[in-house]
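> Have a look at this one before I ask anything.
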Amino acid sequence: MSNPQLARIQENLKHLKLHKIHDLLDSSLEEASRNNLSYSDFLDQLFTQEVSAKTEKNIAMRTVMAKFPFVRPWRALISTSSLP
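This note's numbering applies: residue 100 is where the sequence shown begins, and numbers increase by one.
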């Protein structure tokens, strides 16, 4: 891929706010080339990583916005509940 083309792709990723793909693009392109990934497999990996990053960020943001006094692990809730 030529440098002007890669620069344009990187700029478009920033504009579309696809930050994780922007950060991973160079290494992902090299990996795809080494492993002979199909276009669909390559895109699937990139988009899966982007969705995962956005989901994690969304959960973290909502947890902060909820202003919980502390984070309680799910197992702690189950063990202290009064379930029969």
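Backbone N, C-alpha and C define an ideal beta-carbon position, used for all residues, glycine too.
8 Å is my cut-off, CB to CB: does Leu145 come that close to chain C?
In the structure shown, chain C does not exist; there is a single protein chain.
> Check Pro103 in the structure and name its three-state DSSP category.
Reduced to three states, the DSSP call for Pro103 is helix.
> In whole angstroms, what is the alpha-carbon distance linking Leu123 and Lys156?
Looking at the two C-alpha atoms, the distance is approximately 17 Å.
> Taking the C-alpha atoms as reference points, what is the distance between Thr162 and Ala131?
Whole-angstrom Cα-Cα distance: 35 Å.
> Please say whether Leu136 and Ile89 have beta carbons closer to each other than 8 Å?
Residue numbering for the chain in the displayed model covers 100 to 183; residue 89 lies beyond these limits and cannot be assessed.
> Would Glu149 and Leu117 qualify as a contact pair, given that the criterion is a beta-carbon distance under 8 Å?
Yes, they are a contact pair.
> When we look at the beta-carbon of Leu115 and count the other beta-carbons within 10 Å, is it buried (16 or more) or exposed?
So Leu115 counts as exposed.
> Alpha helix (DSSP H) containing Leu128: first to last residue?
His118 to Asn134 is the extent of the alpha helix (DSSP H) around Leu128.
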